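Q:
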Amino acid sequence: MSGRPRTTSFAESCKPVPQPSAFGSMKVSRDKDGSKVTTVVATPGQGPDRPQEVSYTDTKVIGNGSFGVVYQAKLCDSGELVAIKKVLQDKRFKNRELQIMRKLDHCNIVRLRYFFYSSGDKKDEVYLNLVLDYVPETVYRVARHYSRAKQTLPMVYVKLYMYQLNPSLASILIPAHARSQAAASTPTNASATTDGSSTERGPSTTTAAASASNSTS
């Protein structure tokens, strides 16, 4: 147990104290517990472009890639966990990820909650930050777990992943008017998890987004 003083509520603990330090369009402050609170002006992922202030805390790195870093953070207003994908905007490449993610709306694809831009350490370095639903597990990690145990991935997992993946890919690749004809008989609003239960929004996520990105390259 940490030695931090207890607070009455999470929302209250996230209230920044005076004298924040500014970094570009990003403000960094400290809450009453001394934890770092980051406040940015972000645009909602769906709907009208109406920028608003979003504050988050408890940031930590959970993944690295060729083009950026993925962080886990907690929204101060709701206490929900989110993933923040920070991607360098390299002028040599055409990045369609934001354009695609703003159009995607499916229960098996992670939702783009907000996006914002931030400056890098170098001159003219710009990063796109995508605030996404946080999914604690990936197919790769599950497959790696069984591989290290010298076991094959259970067939029920394969079936459940495909059950989630196929409708999400269809929502990207098949025209909307064609999908509507099949929607009446296909329960795409229910996605299976690895324990066989159903959730409102399932974890089959970045695979579909990556497929869309590759198909439009």
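Going by our numbering, 163 is the number at position 168 of the sequence shown; the sequence numbering is gapless.
Quick reminder that beta carbons are idealized off the backbone N, C-alpha and C, glycines included.
Just so it is clear, the structure is predicted and the values come from calculations on it, not from any experiment.
Alpha helix (DSSP H) containing Arg143: first to last residue?
A: Bounds of the alpha helix (DSSP H) holding Arg143 are 134 to 143.
Q: Quick one: using the 10 Å Cβ neighbour count with 16 as the cut-off for buried, is Thr38 buried or exposed?
A: Buried is the call here.
Q: Count the other C-beta atoms from every protein chain shown that fall within 10 angstroms of the C-beta of Pro182, then say buried if there are 16 or more, exposed otherwise.
A: Residue placement at Pro182 is poorly supported in this model, since its pLDDT is 43, which falls under 50; the coordinates are not used for a value here.
Q: Who are Thr54's beta bridge partners in DSSP?
A: DSSP output for Thr54 lists no bridge partner at all.
Q: Between the alpha carbons of Glu120 and Lys80, how many angstroms are there, rounded?
A: Each residue's alpha carbon lies about 16 angstroms from the other.
Q: Per DSSP, which residues does Gly40 bridge with? Please list them.
A: Its beta-bridge partners do not exist; DSSP assigns none.
Q: When the Cα atoms are used, what is the spatial distance from Gly29 to Asp116?
A: 25 angstroms
Q: Anyone know if the C-beta pair for Phe111 and Asn90 falls short of 8 angstroms?
A: At a Cβ-Cβ threshold of 8 angstroms, Phe111 and Asn90 do not count as neighbours.
Q: Considering just the uninterrupted stretch of the alpha helix (DSSP H) at Lys154, what are its terminal residues?
A: 150 to 168
Q: Which of helix, strand or coil does DSSP assign to Glu219?
A: Residue 219 lies beyond the range of the chain shown here (-4 to 212); nothing can be said about it.
Q: Would you kindly report the start and end of the unbroken alpha helix (DSSP H) that includes Gln84?
A: Segment: none, Gln84 is in no alpha helix (DSSP H) and carries neither H nor E.
Q: Rounded to the nearest angstrom, what separates Leu127 and Gln146 at their Cα positions?
A: One C-alpha to the other measures close to 32 angstroms.
Q: Under 8 angstroms, do Leu83 and Gly63 count as touching if we go by C-beta distance?
A: Yes.
Q: What do you get for Arg108, buried or exposed, if any count of 16 or more other CB atoms within 10 angstroms of its CB means buried?
A: buried
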